[in-house]
Every structure is written in C-alpha cells, then in structure tokens.
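**Q** Can you read through this structure? Questions will come right after.
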Amino acid sequence: MLNEEIARIFERMARVLAFKGQDRFRIMAYERAAVSIRDLEEDLASIAEHGKLEDIPGIGKDLSEMIDEYVRTRKIKRYERECKGIPAGLVDLMSIPGLGPKTLAQLHQKFHIRSLTDLEHCLEKAAAVKLKGFGQKKIDNIKRGIELWVSSQKRMLIGVALPLADNLLSQVRKIKLIEHADVAGSLRRRRETIGDLDVLIVSKNGPRALQQIVKLPEVKQVLGIGDTKATVIIEGGIQVDVRSVARESYGAALQYFTGSKQHNIHLRTLAQKRGLKLNEYGAFRGQKRVGGKDEDEMYALLDMQDVPPEIREDKGEIEAAMAGRLPKLLEVRDLRGDLHAHSTYSDGKSTIEEMVEHAAELGYEYIALTDHSPSQRVAHGLDLDRLEQKIEEIGQLRKKRKDRAPHILIGTEVDILADGKLDYPDKVLARLDIVVASIHSLFHQSKDEITNRLLAALANPHVDIVGHPTSRLIGSREPLEMNFERVIAAAAKSGAALEINGSMYRLDLNDSMAKAAQEAGVLLAIGSDAHSTAQLDQIRYGVFQARRGWIEARSVINTWPWTKLSRWLAHRRS
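Reading the sequence shown from the start, the letters are residues 617 to 1190 in my numbering.
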C-alpha cells in the first residue's frame, strides 16, 4: 500500500500546485510520477533500498528524494510546505469532477470557501451574483460532480480493493488455527466499487484465531473484537468485518454474506414456500438442519443450479437457475490474447518488445499494440512518421521472433472526432491489422451528437472494435449520454465488436450494457487498455465485469484462436 500512498500524495501535490497557479510542467511531472508508481509491481521501499528509484519512468532526482523521505519518515516536507496556508478540506475538493483546482481557487478567493458545505452554498451565490465564467450550465456540472465525488468517497475501486483483500487473505490463511478463509460481500460479487470487506473463517478456536488476525501487520486499527467477529481497518483505510463461523454453517454463511440483499430475499421467499428457513447458520426444516456446510447445498435444496457470485443481483438469475438455464460465464483462462494495449510509442511505459514478451509469459496467442492517434497530443499520439516507425519496428520484431507466439498485431486506438470521422485517413487505417476507435474528447456533446459520432465510427469498415464506448471514468466522469439501442443495432449490422475495457477506472461497457449487447448478437472484446507490462493483468477486471453481464466466451472475439481471429480480421478488410 506504500506505493498507493505515495501516488496519492503526488496527485494531491499536482492539484495543490494547480490551485496555486504554478508551472504546468511541474504539475504534469507529479501526475506522470503517480501513474508510473501505480504501474509498479515492486514495492517502493525495496526499490529505494537498492537505490533504483530513478530507474522508474518519470522519476528524477527531486522526486526520488521525496519518495525516499516518505519511505523513511512517512511524510514529505515539501508537500507539507506547499499545502501550508491552504485549508485541508480544499485539497480534497480539488478532485471533484467539473471543478478542478483553478476553478476552486477562483471560488475560494471570491467566497473564502473551506469545506464541501461552503462550496455548495457558494454555488448558489455564484449564480445570484452572475460571477464571470459561472453560468447555470457550469454550476449544474459542478453540482453533478459533487454528487459523483461524494458517492465515490464512500467506496473503493475493485482494482484497489482486490489486491488488498488478496494480501490480507494470504496472511490470514497462514494462521495455523484457520481451516478456511474466504472473502464474501460485494467484492466476491466483483462489483466495480467496494464499500467494505467481509471475510469468513472456520477455525477450531475462533476467538483465538480472531486475536491472531487483529495482530497482523496489515491491520492498522482494531475497531472491535469479540468471540465470533472482529472489525478492523487495514491498509488503504478499508474496513473489514472478519466473522468466525462453525464448519457446519460455512456454506450458508458464505452464501448469506455474499449477497446481494435482493438475491437473498428472493431465495428466502422461495424457501418459505417449500417449508424451509434459510439464514447464515444453515438451512432448516423446522428445528432440523438440512444443509449449510457447503454453499451449493443451499441452492440444491431449492432445486437450483449453483449461481455464480457475480450475477447474484436478483436480475433473472434465480429463474434461470431453477430452469437449469444459467449460462457458462466467461473465465480469464478463456482469453487467447489482448486487443487493446499501448507502448512507449504513445503514452505507455513499456516498449513494444517488453509488452510482447510479457504477453508470451501470459500464454497469449496474440497481442495488439494500439497506440493513440495524432489528436491525442497529451498521450503522445502518433503522427504518420511515428506510425511508420512503429510499423517498421514490429516488422523487425516479427522476424526476430520468427514463429514464436504471440502474433503481433499492428494497431491503433484512433480517435473518433467531433463529427464521427476518424483521426487517420482510411488509406492509413487499411494498412493496419486492427483498429480500435474511441472517444477521448468533447464529452459535453448532446446525446444525439454522441450517438451519431459512434454510429459514424461503426459505419467505417476499417473499425474493428469501439473502445470504452461510454468513455466514463468511475467516480470522476459520468458515462456519455447516448442512444445505446441504436449503437448496438449499428454494431450488430457492421459486425464490429464493442469493448469491455479492463481498466479499473473504466470497466466500460458496464455489466447491463454488455448484457444488452450480447442479447442483440453483438460481438464483444475484453481489452486491458494496458500502458505497461504490469497492466496487462488488469484484463481480469474486464472479465469480472463481463461475468456480471452474463457474458459467455462465444460472444468475445479474443477467446478465439489465432486462426479464427486472423480470418475474421482479413474478412473485414476484404
């Protein structure tokens, strides 16, 4: 969690500097450093110990000294100096979508705001006094941003929560008293954001096992402990409820605490009609226990298939399970490759060869390097000369690797421009092996304008995949407004795939949209959107989202073997 702590400090430092009107390049340096740190697989303390901090992309002498200082002292004096004189509450508010540090500084200067309450009050004043630059549309956007920000503060992205939970579980399972330990709750259902964690254990001595758990180094604060439950705060500030349950009740407890609430209510209603009572202790007929040791028993008693945790939302899964019609959901191991990844040619941190080598380690049959197009200046989008260099480099790498997997696809993530045209001419796109088309700008356009942009892109025969179709960023940017029914109809007609983007910040399409697309016969692609070798692994979050949308392997083009995918791509270019 040290890496995440330092990344957050650098992000906050960038906001503070922007608030104070400091040099844009200094601000960008901190932002880039935060991204690089989050990409690391190794702990910063270990890197610092070996004197290798300046080997991290974007980390120079000054930033390495700041990291080293935090590793040693758990504070950074320069950050504290920059924050001096700025109300503590304002630093947090700087991340509100639609607001930003510069706008906040303007409001602070005019209305002396110090807190969220002050901000909400001053927005009404700004409208009343007709403050320059604060029309009703901007004020409404900030209000929506506040709602989004407040809700995001209560929950953690799955990509942050899952590694923390996995680390805690690995330590809990090392305790000799503990026979079983599993995560339940929304994390087990793979929700895109997580409130707190639920962990269940089975032990011969529950009270003693809980005492050992609260002493683990991962535990930062103990909120309460009894004979059957401990509540703690772990790294990252996430609350964990650890429950010790009897072996004969473990399956019932795992089912109950996994949820969702609506799913459980529906199950209990069905059970009552059969003269059964279901709760976290087991399944009972009168006073007699008739099940509960194993989770699948709880469903079998109701003559149902065992329902995968990801779809336990009372959205038709119970009816499907009773009819024996649950789908075989996509699994990570079904994927044969990754069709959305970036390299150092644009805004990636790893070279093409490094990305390919890591894809080989993952056992992939193919990988597409889809760097940005020219309009994405902030992401170092490739002009035609740089694109030509990339094509040549991949050609040389193919010769070097001969027939060794993975096959390397020359691709692009081309921008869908304001009018729906693409950022490269058709004759350039025709030379590429694969084209991912995405919206990265003009998010304020109307519903009709956004819809028409996507329809125009899907009508282009060179587009194989539409990347992160709603362009949302969870907790910081709302999904684009569009007529999704028209989009999936256009995708079905063109034969192009819609992406489920695996970045924990996007997970786009969301579960319900992915389900609607599959039901309409639309092809899907799960893309990591990796910007480093470490991020290739985040494709699993895309799979989790796909499972929540009932997606089967048959609908996902990167479950296809290379021969089938290459034929599909060739056919689209014929």
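Where a beta carbon is used, it is the ideal one built from N, C-alpha and C, also for glycine. All values derive from a computational prediction rather than experimental measurement.
#1: Would you mind working out which of Leu-793, Arg-631, Val-799 and Leu-732 sits nearest Pro-717, comparing C-alpha positions?
#2: What are the boundary residues of the alpha helix (DSSP H) that Arg-1102 is part of?
#3: Use the C-beta contact count for Phe-641: other C-beta atoms within 10 angstroms, 16 or more gives buried, fewer gives exposed.
#4: Within a Cβ cutoff of 7 Å, which residues of the same chain sit near Ala-664, ignoring the five residues on either side of it in sequence?
#5: Quick one: using the 10 Å Cβ neighbour count with 16 as the cut-off for buried, is Asp-1127 buried or exposed?
#6: List the residues that DSSP assigns as beta-bridge partners of Asp-659.
#7: Suppose only complete runs of 3+ residues qualify. What are the beta strand (DSSP E) ranges in the stretch 802-838, listed by chain order?
#8: Does the distance from the C-beta atom of His-958 to that of Ala-1146 stay below 8 Å?
#9: Between the alpha carbons of Ala-825 and Leu-793, how many angstroms are there, rounded?
#10: Could you check if His-1056 is buried or exposed, using at least 16 other CB atoms within 10 Å of its CB as the buried criterion?
#11: Which same chain residues, not among the five before or five after Asn-1117, have their C-beta less than 6 Å away from its C-beta?
#12: Would you report the Cα separation of Ala-984 and His-956, rounded to the nearest angstrom?
#13: Rounded to whole angstroms, what is the Cα-Cα separation between Gly-676 and Phe-1160?
#14: Taking the alpha helix (DSSP H) that Asp-857 falls in, what are its first and last residues?
#15: Note down the Cα distance separating Ile-729 from Leu-720, rounded to an integer number of angstroms.
#16: Express the C-alpha separation of Asn-880 and Ala-936 in angstroms, rounding to a whole number.
#17: DSSP three-state label for His-796, please.
#18: Looking only at its chain, what residues have a beta carbon closer than 7 Å to the beta carbon of Ile-854, apart from the 5 residues adjacent to it on each side?
#19: Exposed or buried, which one is Lys-965 when buried takes at least 16 other CB atoms within 10 Å?
#20: Taking only three categories from DSSP, how would you classify Phe-900?
#21: Considering only the beta carbon of each residue, do Ser-652 and Ile-672 sit closer than 8 Å?
#22: Between the Cα of Ile-1155 and those of Glu-1101, Ala-1107, Arg-949 and Leu-1045, spot the shortest distance and give me the residue it belongs to.
#23: Which whole-angstrom value is the C-beta distance of Ala-1141 and Ile-1173, which I expect to be below 8 Å?
#24: Out of His-1060, Gln-787, Arg-1102 and Glu-1094, which one is the CA nearest neighbour of Ala-1073?
#25: Per DSSP, what are the beta-bridge partners of Leu-1114 in this structure?
#26: Considering Cα atoms alone, identify which of Glu-1097, Gln-878, Ser-1092 and Gln-1005 is closest to Val-766.
#27: Is Tyr-982 helix, strand or coil by DSSP?
#28: Straight-line CA distance for Arg-694 to Ser-860?
#29: Near Leu-918, what residues of its chain come up, given a Cβ to Cβ distance below 6 Å and the 5 sequence neighbours on each side ignored?
#30: Would a C-beta distance cut-off of 8 Å place Gly-908 and Gly-867 closer than the cut-off?
#31: Return yes when the Cβ of Gly-714 is within less than 8 Å of the Cβ of Ile-758, no when it is not.
#32: Measuring only the C-alpha atoms, how far is Trp-1178 from Ile-1050?
#33: Would you check if the stretch 965-981 and the stretch 936-947 touch, i.e. whether three or more CB-CB distances between them fall below 8 Å?
#34: Please list the terminal residues of the continuous alpha helix (DSSP H) segment that includes Ala-1130.
#35: Just to confirm before moving on: does the CB-CB distance between Ala-1162 and Ala-1130 stay below 8 Å?
#36: Around the Cβ of Asn-821, are there at least 16 other Cβ atoms within 10 angstroms (buried) or fewer (exposed)?
**A** Reading from the atomic positions:
#1: Numbered from 1 along the sequence shown, position 101 holds the residue referred to as residue 717. Closest option to Pro-717, Cα to Cα, is Arg-631.
#2: As a first step, residue 1102 must be located in the sequence shown, where it is residue number 486. Arg-1102 -> alpha helix (DSSP H) spans 1100-1110.
#3: Here residue 641 refers to the residue found at position 25 when the sequence shown is read from its first residue. It is exposed - the Cβ of Phe-641 has fewer than 16 other Cβ atoms within 10 Å.
#4: Numbered from its first residue, the sequence shown carries residue 664 at position 48. Correct list, in chain order: Ile-683, Asp-684 and Val-687.
#5: Within the sequence shown, residue 1127 is the residue found at index 511, counting from 1. That one is buried.
#6: For the purposes of this step, residue 659 is identified with residue 43 of the sequence shown, where counting begins at 1. DSSP lists no partner for Asp-659.
#7: 813-819
#8: For the purposes of this step, residue 958 is taken as the residue at position 342 of the sequence shown. For the purposes of this step, residue 1146 is taken as the residue at position 530 of the sequence shown. Taking 8 Å as the Cβ cut-off, His-958 and Ala-1146 qualify as a contacting pair.
#9: Position 209 of the sequence shown, counted from the start, is the residue given in the question as residue 825. Position 177 of the sequence shown, counted from the start, is the residue given in the question as residue 793. Approximately 6 Å between the Cα atoms of the pair.
#10: Within the sequence shown, residue 1056 is the residue found at index 440, counting from 1. Buried, by the Cβ-count rule.
#11: Here residue 1117 corresponds to residue number 501 of the sequence shown, with the count starting at 1. The answer, listed in chain order, is His-1084, Asp-1124, Gly-1143 and Asp-1145.
#12: Here the question's residue 984 lines up with position 368 in the sequence shown. Here the question's residue 956 lines up with position 340 in the sequence shown. Between Ala-984 and His-956, the C-alpha separation is close to 6 Å.
#13: The residue labelled residue 676 in the question sits at position 60 within the sequence shown. The residue labelled residue 1160 in the question sits at position 544 within the sequence shown. One C-alpha to the other measures close to 37 Å.
#14: Translated into positions along the sequence shown, residue 857 becomes position 241. Counting along the chain, Asp-857 falls outside any alpha helix (DSSP H), though it belongs to the beta strand (DSSP E) covering 854-860.
#15: Mapped onto the sequence shown, residue 729 falls at position 113. Mapped onto the sequence shown, residue 720 falls at position 104. Straight-line Cα distance between these residues: approximately 9 Å.
#16: Position 320 of the sequence shown, counted from the start, is the residue given in the question as residue 936. Position 264 of the sequence shown, counted from the start, is the residue given in the question as residue 880. Answer to the nearest angstrom: the Cα atoms are 15 Å apart.
#17: Along the sequence shown, read from residue 1 onward, the residue named residue 796 stands at position 180. Here His-796 sits in strand by DSSP.
#18: What you label residue 854 is simply residue 238 of the sequence shown in a count that begins at 1. Taken in chain order, the residues that qualify are Met-772, Ala-777, Leu-780, Asp-812 and Leu-813.
#19: Start at 1 with the first residue of the sequence shown, and residue 965 comes out as number 349. Answer is buried; the Cβ neighbour count reaches 16.
#20: Walking along the sequence shown from the start, residue 900 turns up at place 284. Phe-900 falls in the strand class under three-state DSSP.
#21: Position 36 of the sequence shown holds residue 652. Position 56 of the sequence shown holds residue 672. Yes, the pair counts as a contact, with Cβ atoms nearer than the cut-off.
#22: Stepping through the sequence shown from its first residue, residue 1155 is reached at position 539. Of the listed residues, the one whose Cα sits closest to Ile-1155 is Arg-949.
#23: Here residue 1141 is taken as the residue at index 525 of the sequence shown, counted from 1. Here residue 1173 is taken as the residue at index 557 of the sequence shown, counted from 1. Right, their Cβ atoms sit about 5 Å apart.
#24: One-based indexing of the sequence shown puts residue 1073 at position 457. Comparing Cα positions, the closest option is Arg-1102.
#25: Working through the sequence shown from its first residue, we reach residue 1114 at position 498. Leu-1114 pairs with Val-1082 and Leu-1140.
#26: One-based indexing of the sequence shown puts residue 766 at position 150. When Glu-1097, Gln-878, Ser-1092 and Gln-1005 are compared, the shortest CA-CA separation from Val-766 is found for Ser-1092.
#27: Residue numbering aside, residue 982 sits at position 366 when the sequence shown is read from its first letter. Strand, per DSSP.
#28: Locating residue 694 in the sequence shown gives position 78, counting from the first residue. Locating residue 860 in the sequence shown gives position 244, counting from the first residue. If I take the Cα positions, the gap works out to 45 Å.
#29: Looking up residue 918 in the sequence shown gives position 302. Contacts found: Leu-886.
#30: Position 292 of the sequence shown holds residue 908. Position 251 of the sequence shown holds residue 867. Yes. Within cutoff.
#31: To locate residue 758, count along the sequence shown from 1; it is residue 142. To locate residue 714, count along the sequence shown from 1; it is residue 98. Cβ atoms of Ile-758 and Gly-714: closer than 8 Å.
#32: On the sequence shown, position 562 is the one that residue 1178 refers to. On the sequence shown, position 434 is the one that residue 1050 refers to. So the alpha carbons of these two residues sit roughly 13 Å apart.
#33: no
#34: Along the sequence shown, one-based indexing puts residue 1130 at 514. Segment 1127-1135, the alpha helix (DSSP H) holding Ala-1130.
#35: Numbered from 1 along the sequence shown, position 546 holds the residue referred to as residue 1162. Numbered from 1 along the sequence shown, position 514 holds the residue referred to as residue 1130. Contact: yes.
#36: What you label residue 821 is simply residue 205 of the sequence shown in a count that begins at 1. With fewer than 16 Cβ atoms within 10 Å of its Cβ, Asn-821 is classed as exposed.
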